[in-house]
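Per the numbering used here, residue 20 is the first one in the sequence shown, and the count goes up by one each step. By construction, the Cβ of each residue, glycine as well, lies at the ideal position given by its N, Cα and C atoms. The next block holds one structure in the form of structure tokens; read it before the comments.
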Amino acid sequence: MIKRERGDRLYASAKNVLVSGGSASARWNAALKRPLYFKEGKGSRLTDVDGNEIIDMCCSHGGSIMGHKHPAVVKAIQKALDMGILCSYETEYQSELAGKICEMVQSAELCRYTCSGTEATMHAIRLARDFSGKDVILKFEGHFHGYHDYVQYSWAPDLDEAGPYGSPNAVPFASGMPDGLRKYVIVLPFNNIEVLEKTVRKNKDRLAAVILEPINYNIGCVVPDVEYIKALRKITEENEVLLIFDEILSAFRTGPGCAQEYFETVPDLCTIGKCVAGGTPLSIIAGKKEIMEHMAPLGKSTHSGTYTGHLVPVMAANAAVDEIRKPGFYRHIYKIADKLYGGLNEIFSGSKLNIKIQGLGARFGFYFDVKKDIVREYRDCADNNTEMNLKFYELMLERKVYYHDYGGKPCHHGFSIQHTEKDIDEVLDRTEDALKSLEKIYG
Ligand SMILES: Cc1ncc(COP(=O)(O)O)c(C=O)c1O
């Protein structure tokens with residue numbers, strides 16, 4: 020059983036000075052009714068302040084595909100420290116990293132950096148609006164693009180608010196967003212060519228861009244039909260609407276060329292984050308030269324920031340990308356993926372409970388008691404059993420496996436390059452054990 024005393028004491032004092040005792044809303048752990056507090060991460064494992072050694076199946080919400088304390092990343096950060104923690108200044112390493120990204124990612128002809136994925140999608144949208152002279156963006160239900168007001172719509176709306184399937188309402192998922200912004204966003208169901216084509220045609224004169232997660236990990240793992248992605252490219256091109264792949268989460272998850280390589284489809288702009296910088300804060304906006312050159316000082320679409328392209332994450336990213344490019348990196352990722360997804364499927368198919376997983380590359384999602392056999396878009400998993408979902412993660416945490424709970428909504432989990440087959444054996448054993456307890460409650 021997991022020990023909790025020190026963490027509970029820390030929470031009792033932290034909540035007096037930090038909202039909800041944590042640095043961000045998503046740090047809340049519904050099972051513990053407080054954030055988890057850690058003292059160390061090494062490889063695939065985290066040690067919390069109570070000394071529990073926990074297998075990390077969250078991996079920093081996708082930020083740590085390198086695992087924790089990867090020696091190449093640590094060495095690169097040390098070099099940045101030795102250089103004086105240079106902030107707001109260019110060195111040779113920013114362009115070195117951009118050069119690697121341009122080699123690896125097909126749509127990347129020029130790059131710029133941001134600290135977070137939220138900033139990256141915000142600037143990519145600004146750039147698309149400036150380039151096209153149009154204001155509206157089209158996004159999909161179930162897709163998440165960060166925390167700024169232009170995109171915080173319809174990640175996981177309640178169905179009674181969500182509107183008709185073919186023309187969903189844009190449902191804000193934060194309060195405090197100006198109501199007037201709604202007119203700048205069109206929301207559509209994902210994976211439906213007919214609805215897409217009709218809507219893009221009808222709105223082409225006001226539509227600056229279509230933005231999407233090419234692999235929709237933010238509701239578990241929805242891999243669109245290849246024909247859909249191809250049609251999306253064709254329809255946007257024909258109607259002079261820009262296509263933005265938000266690869267903050269999908270970048271380097273399936274291969275060194277990101278989801279755009281996986282689908283053999285080149286967007287106009289893309290955003291890359293999480294995996295790229297070995298667990299440090301860096302995201303990238305990349306795309307066609309003629310669009311990127313609309314950024315100031317070449318154009319008028321401003322993009323800057325005191326900490327933008329900070330040397331510490333840039334050095335970490337240079338090291339991470341070198342590792343990602345090594346032969347064998349994705350062989351290991353797919354070996355672990357096959358073992359984990361195959362093993363979980365086998366365990367769940369032998370259970371009287373209806374639990375499914377969908378996964379691709381290094382990330383995956385669970386679905387609890389959803390009626391559809393395959394989740395192809397948000398509404399297919401809107402009936403996810405929140406209570407069973409949270410209970411399962413609680414039971415797994417008691418067995419020292421950490422899945423972040425995302426409030427019991429279907430969302431993404433994953434592993435790193437440092438996860439071993441032995442780790443996965445342990446996860447599978449503990450899953451079988453947790454499932455027995457879950458069946459006693461819900462069976
Ligand atoms: C697809 C996608 N875009 C944007 C973001 C926002 O990134 P960040 O949390 O770095 O601001 C996320 C974060 O989960 C994401 O998954």
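Own chain, CB closer than 8 Å to residue i, minus 5 neighbours either side, in chain order
i, result
"N403", "Y386, F387, D388, V389, G427, K428 and P429"
"K319", "D149 and H313"
"V285", "Q125, S126, R252 and Q279"
Beta-bridge pairing of residue i - partner residues as DSSP gives them
i, result
"K119", "DSSP, once it has assigned bridges, lists no residue as partnering K119."
"G9", "Look at the range of the chain in this structure, 20 to 462, and you will see that residue 9 is not part of it."
"P286", "BP columns for P286 are empty, so no partner."
"K158", "V206"
"F264", "L231 and C289"
"N48", "R53"
"H423", "Answer is none; H423 lacks a bridge partner."
"K375", "Y386"
"S320", "M314"
"I73", "L65"
"C130", "A305"
Euclidean distance between Cα positions of residue i and residue j
i, j, result
"C130", "R46", "30 Å"
"R64", "D75", "5 Å"
"I291", "T140", "9 Å"
"D424", "F383", "13 Å"
"G199", "E259", "25 Å"
"D452", "G369", "13 Å"
"V477", "I254", "An answer regarding residue 477 cannot be provided, because it is not within the stretch 20 to 462 covered by the chain."
"E122", "C294", "17 Å"
"H167", "R145", "12 Å"
"E440", "G347", "15 Å"
"V36", "D67", "21 Å"
"L29", "S39", "12 Å"
"E266", "P233", "7 Å"
"L215", "Y236", "20 Å"
"M311", "A305", "7 Å"
"F411", "D392", "20 Å"
"R449", "R418", "6 Å"
"A315", "H432", "37 Å"
"K459", "I21", "21 Å"
"S323", "T137", "14 Å"
"K202", "R225", "11 Å"
Neighbourhood of residue i by C-beta distance below 7 Å, restricted to the same chain and skipping five residues each side
i, result
"G41", "W47 and P54"
"E115", "N337"
"K358", "E440 and I443"
"G380", "R272, T273, I352 and A356"
"V242", "I234 and L379"
"A117", "C130"
Residue i: CB within 6 Å of a non-hydrogen atom of ligand 1
i, result
"L268", "yes"
"F57", "no"
"G328", "no"
"D424", "no"
"T405", "no"
"T218", "no"
"T137", "yes"
"G165", "yes"
"E160", "no"
"E232", "yes"
"D265", "yes"
Same chain, Cβ closer than 6 Å to residue i, five either side skipped, listed in chain order
i, result
"K371", "G462"
"L178", "A401"
"K375", "Y386"
"L416", "A50"
"S456", "L414"
"A250", "I212"
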